[in-house]
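First comes the structure, then the notes that go with it.
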Amino acid sequence: MAIVVSGLELSGLVDGMSFYTDKRGRRINRKPGGPSKEQVATLASCARLREHNSEFGGVSAMVGRIRTAFGLQLNYFSEGTYFNRLMGLLKMVLDTDGAGKRGERQPLGGHVQLLEGFEWNNKLSFANALGAEYSSYIDVAGGKMVVEIGSFGPGKLIRAPEGSTHFKIIVRGAVLGGEREGMRREMSETRLIKIDKTDTGPLRLELDVNTGKDEQGLMILGAGIIFYEEIEGIPFALRGLGCFCLLNVERMGVTKKEDAALRKSAIAKLEELMRVGKLRAAIGVPGIHGEDDPELEGKLVMLEKKLWTRRMERLRGY
49 MAIVVSGLEL SGLVDGMSFY TDKRGRRINR KPGGPSKEQV ATLASCARLR
99 EHNSEFGGVS AMVGRIRTAF GLQLNYFSEG TYFNRLMGLL KMVLDTDGAG
149 KRGERQPLGG HVQLLEGFEW NNKLSFANAL GAEYSSYIDV AGGKMVVEIG
199 SFGPGKLIRA PEGSTHFKII VRGAVLGGER EGMRREMSET RLIKIDKTDT
249 GPLRLELDVN TGKDEQGLMI LGAGIIFYEE IEGIPFALRG LGCFCLLNVE
299 RMGVTKKEDA ALRKSAIAKL EELMRVGKLR AAIGVPGIHG EDDPELEGKL
349 VMLEKKLWTR RMERLRGY
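Start counting the sequence shown at 49; every next residue gets the next number (our numbering).
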C-alpha cells in the first residue's frame with residue numbers, strides 16, 4: 049500500500065491500481081488483494097471463508113425479511129445504526145444454533161428470543177418514550193398478538209421530542225415462515241392523541257395472524273410511537289424522532305426437546321455477551337448515548353441488567 053503525498057488526485061481503478069481516500073483523509077494507492085471468486089469456491093484453504101459467507105448470507109436474508117416486515121413507516125423511527133446492529137444481533141442468534149454444523153447454521157436454528165428488546169432508534173427506546181405501564185404477549189396456538197397499556201396522562205408520561213403536539217402508538221406483527229418462505233403482516237394503531245394532561249384510558253391493541261397448526265417459523269410483535277407536530281390544524285409526522293421496539297419473539301413448530309437445547313445454548317451465549325459488553329451495543333437498549341455522566345451510566349447499567357434478567361428468566365422458563 050502506498051500513500052499519495054504529491055498533488056496528484058485520482059479516484060477509482062487505474063491499470064489494476066485502486067485509488068481512494070481513507071477515513072483519516074489520506075489518499076491511498078493499492079492493488080486489490082485477497083483470493084479471487086474462483087479460488088474462494090475451490091481452494092481447501094478457503095473452506096472457512098466459504099462457511100462464513102454461507103452463514104453471512106443467511107443472516108443478511110433474515111435482516112431483509114425483518115426490515116420488510118416492519119419497514120412500513122420506518123423513516124419515522126429509525127436511525128443510521130439499526131441495520132448493522134440488527135445484523136450483529138442476528139449473528140449472535142446464529143451462534144446459539146448448537147445443532148447445525150458451521151457453514152450450515154441459520155438464524156431460525158438459534159434462540160430467536162435474543163431479538164426481544166431490539167430498538168430501531170437507539171437514541172430513544174420505546175420504554176423510555178412511554179412512561180406508562182404496559183404488557184405484551186404472543187399466543188402462538190391462538191395466532192394472537194396483544195399489547196395492553198394502562199391509562200396515563202401523555203403530558204406527564206410521554207417523552208416527546210421538542211415541537212411535538214400529538215402522538216400515535218403503533219403495533220406491528222409479522223409471521224415469517226421457515227427457510228425464507230412466506231410472510232404475513234398485521235398492524236394496528238391508536239387514534240391521534242394530544243400531548244396534554246387528559247388521560248388516555250386503557251389501550252388494547254390486538255392482532256390476529258391466523259397461524260396454521262403445523263406451521264414453522266417466527267412470530268414477532270413490535271410496538272412504537274410516531275410523534276406529530278400540528279401546524280395550522282394539520283398534524284405532520286416527525287421523521288426520525290419516534291421509536292419502535294421488538295417486544296416479543298416466538299418460534300412456531302418447536303418440540304420441547306428442541307426448545308430445551310436452544311435454551312441451554314442461549315444461556316451460555318448470553319453469559320458470554322454480558323461479559324464482553326456486546327448485548328447493550330447490539331440491541332440499542334436505552335435512550336442515553338454520548339453522555340459522560342456517572343449517574344446516567346449507572347442508569348444505563350441498570351437497564352442492561354433488567355434486560356439481561358428478563359432474558360434469563362425466559363430461557364429458564366420462569
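Note that beta-carbon positions come from the ideal geometry of N, C-alpha and C, so glycine has one too. Here the structure is a predicted model, which is why all the values come from computation and not from measurement.
Item: Local conformation of Ile273 per DSSP, three classes; Value: strand
Item: Beta-carbon proximity check, Leu286 vs Glu278, cutoff 8 Å; Value: no
Item: Thr144 versus Asp244 - alpha carbon distance; Value: 46 Å
Item: Rounded C-alpha distance that separates Gly230 from Leu224; Value: 6 Å
Item: Beta-bridge pairing of Val223 - partner residues as DSSP gives them; Value: Arg232, Met267
Item: Lys261 classed as buried or exposed, judged by whether at least 16 other C-beta atoms fall within 10 angstroms; Value: exposed
Item: Under the three-state DSSP convention, the category Lys216 falls into; Value: strand
Item: Close Cβ partners of Tyr124 (< 6 Å) along its chain, the five nearest in sequence each way excluded; Value: Ile274, Ala285, Arg287, Gly290
Item: CB contact below 8 Å: Arg239 versus chain B; Value: Annotation note: the requested chain B is absent from the structure, which comprises a single protein chain.
Item: Residue from Gly272, Gly203, Glu263 whose Cα sits closest to the Cα of Phe174; Value: Gly272
Item: Straight-line gap, Arg115 to Val219 (C-alpha atoms, nearest Å); Value: 15 Å
Item: contact_flag[the segment 199–217, the segment 159–170] where n(CB pairs < 8 Å) is 3 or more; Value: no
Item: Local Cβ density within 10 Å of Tyr130, reported as buried at 16 or more and exposed below that; Value: buried
Item: For Phe200 and Arg232, the rounded distance between their alpha carbons; Value: 32 Å
Item: Distance, Leu253 Cα to Gly265 Cα; Value: 23 Å
Item: Which of helix, strand or coil DSSP assigns to Ile243; Value: coil
Item: Own chain partners of Gly335 with C-beta closer than 7 Å, once the 5 adjacent residues on each side are dropped; Value: For Gly335, the pLDDT reaches just 38, beneath the cut-off of 50, and the residue's location in the model is therefore unreliable, although a value from the coordinates is still provided. Result list for Gly335: Lys171, Leu172, Ser173, Asn176, in chain order.
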